[in-house]
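K.L.:
In UniProt numbering, the protein residues as written are 9 to 273.
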Ligand code: KIV
Ligand code: NA
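#1: Could you check if residue 65 belongs to the surroundings of ligand 2, using beta carbon to heavy atom distance under 7 Å?
#2: By how many angstroms is the C-alpha of residue 23 removed from the C-alpha of residue 228?
#3: Among 179, 181, 177 and 165, which residue has its Cα nearest to the Cα of residue 195?
#4: May I ask you to list the residues that DSSP assigns as paired with residue 191?
#5: Would you call the segment 243-262 and the segment 52-68 in contact, with 3 or more CB pairs under 8 Å?
#6: Are the segment 132-144 and the segment 176-189 touching, with three or more C-beta to C-beta distances below 8 Å?
#7: Would you call the segment 74-83 in contact with the segment 34-41, where contact means no fewer than 3 C-beta pairs closer than 8 Å?
#8: For the putative contact between residue 139 and residue 112, defined by C-beta atoms under 8 Å, what is the C-beta separation to the nearest angstrom?
#9: Does DSSP put residue 82 in a helix, a strand or coil?
#10: Using a strict less-than 5 Å threshold between each residue's beta carbon and the heavy atoms of ligand 2, what residues do you get?
#11: Thinking just about the alpha-carbon of each residue, which of 150, 17, 33 and 11 is nearest to the one in residue 226?
#12: Please report the straight-line C-alpha distance between residue 158 and residue 270, rounded to a whole angstrom.
#13: Could you check how far apart the C-beta atoms of residue 27 and residue 208 are, in whole angstroms? I think they sit under 8 Å.
#14: Going by beta carbon distance, what residues of the same chain come within less than 7 Å of residue 127, once the five residues before and after it are set aside?
#15: Would you tell me roughly how many angstroms separate the C-alpha atoms of residue 172 and residue 115, rounded to the nearest one?
#16: In chain order, what residues of the same chain have a beta carbon less than 7 Å from the beta carbon of residue 217, not counting five sequence neighbours either side?
#17: Would you mind working out which of 63, 93 and 87 sits nearest residue 71, comparing C-alpha positions?
#18: Using a threshold of 8 Å, state whether the C-beta atoms of residue 99 and residue 78 are closer than that.
This is the structure in structure tokens:
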């Protein structure tokens, strides 16, 4: 199998082929996601919400990200794997950022890292890139800044914030990032940014004008029933599938229907 590389992602943008990206946090799911043909797997710090049950992504530690990433990496034979640098491991200290990124590359075997922010994290992005580690940017509704925003509603609706987002995107490209996630911004802004950039953009809640799309795996599979923002398309109802399977198992055990003779030694 030919592995996906940053070079190939760049070529996909050039020929207009959209990039498909999903999150994964563990070996079993990552195997399914990779073999189903995904281009990019994100070991997102959304693991904080999805796997650990936290309200925000802020509690995630570097060690926890390394644990998730190393599990995912073992399952992947084709996809390019991006791993989030968690909150507090890269902002405001470029040496710390480099140390964190190196640990993710070395201990988990990741292919690249992702960091939230633009001009504010310029030095960190630069230093990590200088070590030969591919960096993906992330702009718009960056969840690690949720207490600054105060709300999960759409970002960059006003001209000033839209202009800053465009400048940040151009800066990240100039520094050498191989791509940028655009989260929850108006579709026309995402399209404008995507057209101005030569590197690929990957949108979530950013409309159809980006160079690719990303969703949180558990959300698109319908495992998580409560979370239903407008940008989320559900491709399965695994909550129902799994609930029925489990309640049938409980019934069969109680009724002494499981195990039967052919299921016994
Ligand atoms: O952690 C995550 O899942 C993300 C995506 C939503 C882009 O950063
Ligand atoms: Na994230």
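Ideal placement from N, C-alpha and C gives every residue a C-beta, glycine not left out.
P.N.:
The short version:
#1: yes
#2: 27 Å
#3: 165
#4: 148 and 212
#5: no
#6: yes
#7: yes
#8: Going by Cβ atoms, the distance from residue 139 to residue 112 rounds to 12 Å, so no, they are not a contact pair.
#9: helix
#10: 52, 53 and 92
#11: 33
#12: 58 Å
#13: 6 Å
#14: 176 and 179
#15: 35 Å
#16: 195, 198, 199 and 202
#17: 93
#18: no
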